[in-house]
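Q:
There are 2 protein chains.
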Amino acid sequence: MPKIIVEVMPKADLLDPQGKAVANSLNRKGHTEITAVRIGKRIELHYDETPTEAQLEEAKAFAADFLSNGVIEDVVAVTVEA
Amino acid sequence: MPKIIVEVMPKADLLDPQGKAVANSLNRKGHTEITAVRIGKRIELHYDETPTEAQLEEAKAFAADFLSNGVIEDVVAVTVEA
Chain F
852 MPKIIVEVMP KADLLDPQGK AVANSLNRKG HTEITAVRIG KRIELHYDET
902 PTEAQLEEAK AFAADFLSNG VIEDVVAVTV EA
Chain R
852 MPKIIVEVMP KADLLDPQGK AVANSLNRKG HTEITAVRIG KRIELHYDET
902 PTEAQLEEAK AFAADFLSNG VIEDVVAVTV EA
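In the order they appear, the protein sequences are chains F and R. Take 852 as the starting number for the first sequence in our numbering and just add one per residue. Take 852 as the starting number for the second sequence in our numbering and just add one per residue.
1) Given this structure, state the Cα-to-Cα distance separating Ser919/R from Val926/R, to the nearest angstrom.
2) Using a Cβ-Cβ distance cut-off of 8 Å, determine whether Gly891/F contacts chain R.
3) Which residues does DSSP pair with Ile885/F in a beta bridge?
4) From this set, Ala905/R, Asn875/R and His897/R, which residue's C-alpha is nearest Glu884/R's C-alpha?
5) Taking 8 Å as the cut-off, decide whether the C-beta atoms of Ala928/F and Thr901/F are in contact.
6) Report the option in His897/F, Ala887/F and Gln869/F whose CA atom is closest to the CA atom of Val857/F.
7) Grouping DSSP H, G and I as helix and E and B as strand, with all else coil, what is Pro861/F?
8) Report the residue from Ala915/F, Leu907/F, Val888/F and Phe917/F whose alpha carbon sits nearest the alpha carbon of Thr934/F.
9) If contact means a Cβ-Cβ distance below 7 Å, which residues of the segment 896-908 of chain R contact chain F?
10) How about Ile923/R: is its C-beta nearer than 8 Å to some C-beta of chain F?
11) Classify Gly881/R as buried or exposed, calling it buried when 16 or more other Cβ atoms lie within 10 Å of its own Cβ.
12) Alpha carbon to alpha carbon, what distance is there between Leu877/F and Arg889/F?
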C-alpha cells in the first residue's frame, strides 16, 4: 500500500524524560555505549494510489502545522514509500 | 552524531484510535485521498562512534524484546544513521 511516512522528534534542546528513562535502563542492562535515547513519532498516511508530488508537498505542509507541535517538535522527514 | 533508528508500529490488525482520529480530521480538512493513518514510535539510540555490525544486531534484539511490545507492536525497521 502506498504511504507517506512522517517522522517527528522532540526538539534537541528539549528534555525527553521517556527517552532518558529508556537510556538509563539500557545502560543498566550493560549497553553503556548508548549515550542517549530520544523517542518521537512515526506517522503513516495511507493512500490508495502512489502519492503525487503535489500530495507530498501538501503532506509536508500539514506535517509541520497539524501533525506536529512546532514549539516542542521537529518534523525530521516526510517520505513516500510505494 | 551516529545513531541507530528503531521504528515501531502498532500491528496491522490492531485498532489505532489515535491514528483513526487523525485520519478523520484530515478527511474533514479535505484530504479525502488519505484512507488511513497509523501512529507508531521512532526511537533514536545515540552513540559516540558509528555502531558496529554487532551493536546493530544487539539493537535489533533489544528493539524486539525491550523497546517494543510484541503483543501489539511490530518493529518495522532498525537502521544505522551515521
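The beta carbon of each residue, even a glycine, is placed where N, CA and C say it ideally should be.
A: Considering the structure as presented:
1) Here residue 919/R refers to the residue found at position 68 of the second sequence. Here residue 926/R refers to the residue found at position 75 of the second sequence. When rounded, the separation of the alpha-carbon atoms in Ser919/R and Val926/R is 7 Å.
2) On the first sequence, position 40 is the one that residue 891/F refers to. Chain R contact via Cβ: present.
3) The count along the first sequence starts at 1 and reaches residue 885/F at position 34. Beta-bridge pairing links Ile885/F to Tyr898/R.
4) Numbered from 1 along the second sequence, position 33 holds the residue referred to as residue 884/R. Cα-wise, what sits closest to Glu884/R is Asn875/R.
5) Here the question's residue 928/F lines up with position 77 in the first sequence. Here the question's residue 901/F lines up with position 50 in the first sequence. In this structure, Thr901/F does not lie closer than 8 Å to Ala928/F by Cβ.
6) The residue labelled residue 857/F in the question sits at position 6 within the first sequence. It is His897/F.
7) Within the first sequence, the letter at position 10 stands for residue 861/F. Strand at Pro861/F.
8) Outside the displayed span of chain F (852 to 933) sits residue 934/F, for which this structure offers no information.
9) Correct list: Leu896, His897, Tyr898, Asp899 and Gln906.
10) As a working note, residue 923/R is residue 72 in the second sequence. Cβ-Cβ to chain F under 8 Å: no for Ile923/R.
11) Sequence index remark: in the second sequence, residue 881/R carries index 30 (1-based). Label assigned to Gly881/R: exposed.
12) Your numbering for residue 889/F matches position 38 in the first sequence. Your numbering for residue 877/F matches position 26 in the first sequence. Looking at the two C-alpha atoms, the distance is approximately 13 Å.
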